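K.L.:
My structure is below; once you've seen it, I'll send some questions.
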Amino acid sequence: MDYLKKYEEWCKSPSIDDETKEELLKLKGDEKEIKERFYKDLEFGTGGLRGIIGAGTNRMNIYTVRKSNTRTCKFHKKRKRRNKGCCNCI
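Each residue of the sequence shown is one higher than the one before, counting from -16 in our numbering.
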């Protein structure tokens, strides 16, 4: 999906809070900034999940952190099933 479609989805989504939508709507017409915020998902690297704080898929915010945590939990649950409960944290 291209970055403009992601931007529009975030602006219209009932799951995105009003404050975040307000931040995004201020960017309307600034294609360079919209592209920077939405051209990719924020990546988890060797230093963890780090990035500029703000609205967008390539920014640190409650939505990207939630997505990362969900993926981490799914990974650990799958690992626990495969290893028959060797991990006591889940």
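Note that the Cβ used here is the ideal one computed from N, Cα and C, for glycine as well. In this text the structure is predicted, and so the values were computed from the model without any measurement.
#1: Suppose only complete runs of 4+ residues qualify. What are the alpha helix (DSSP H) ranges in the region -10 to 27, listed by chain order?
#2: Taking the DSSP output, what are the residues bridged to Leu32?
#3: Evaluate contact between the region 54 to 65 and the region -14 to 5, counting only Cβ atoms and requiring at least three cross-stretch pairs below 8 Å.
#4: Helix or strand or just coil, what does DSSP make of Ile73?
#5: With DSSP as the reference, identify every bridge partner of Met(-16), one or two as the case may be.
P.N.:
In short, the structure shows the following:
#1: Listed in chain order, they are 1 to 8 and 14 to 21.
#2: Counting from one through the sequence shown, the residue named residue 32 turns up at place 49. Residue pairing by DSSP puts Leu32 in a beta bridge opposite Phe27.
#3: Judged by Cβ distances under 8 Å, the region 54 to 65 makes no contact with the region -14 to 5, as fewer than three pairs qualify.
#4: Here residue 73 corresponds to residue number 90 of the sequence shown, with the count starting at 1. Residue placement at Ile73 is poorly supported in this model, since its pLDDT is 49, which falls under 50; the coordinates still yield a value, given next. Ile73: coil per DSSP, three-state reduction.
#5: Sequence index remark: in the sequence shown, residue -16 carries index 1 (1-based). Met(-16) pairs with nothing; no bridge assigned.
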